[in-house]
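J.: In my numbering, the protein residues as written are 27 to 152.
Even glycine gets a Cβ: it sits at the ideal position worked out from N, Cα and C.
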């Protein structure tokens with residue numbers, strides 16, 4: 027597998043070309059939501075690094091059942107605003123994780139080709 031760069035301008039399209047086991051092996055968290063906010067991909071790195079571990083995530087509403095803290099206007103609101111403009115491509119800093127409320131994350135959210143969303147999380151490893 028070629029190296030996948032978290033900072034790739036079209037990261038979503040790059041990820042969509044990978045097999046599930048390649049997505050699991052990436053060094054950053056990857057979550058895919060369908061058009062209704064239901065989790066369809068939750069890679070192994072995200073499960074381990076977030077502290078979410080082996081709890082079920084697939085098939086759940088991301089903003090209500092998996093990460094309600096991200097259902098707030100400063101996160102979900104920005105996504106909905108971008109969706110209204112046509113294409114989501116957001117990068118932001120976020121503080122808080124399942125296992126550490128003080129942990130810093132760099133978050134990228136991009137439109138998926140099927141109308142859903144990709145969420146990519148890069149955590150500091152300090």
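So who's on the other strand from residue 146, going by DSSP bridges?
T.: DSSP output for residue 146 lists 56 and 134 as bridge partner(s).
J.: Measuring alpha carbon to alpha carbon, tell me which residue in 70, 133, 142 and 111 is nearest residue 32.
T.: The option with the nearest alpha carbon to residue 32 is 133.
J.: Return the residue from the list 138, 109, 145 and 140 that minimises the CA-CA distance to residue 119.
T.: Of the listed residues, the one whose Cα sits closest to residue 119 is 145.
J.: What's the gap between the Cα of residue 13 and the Cα of residue 30?
T.: Any question about residue 13 goes unanswered here, given that the chain covers just 27 to 152.
J.: DSSP three-state call for residue 44: helix, strand or coil?
T.: Residue state, collapsed to three classes: coil.
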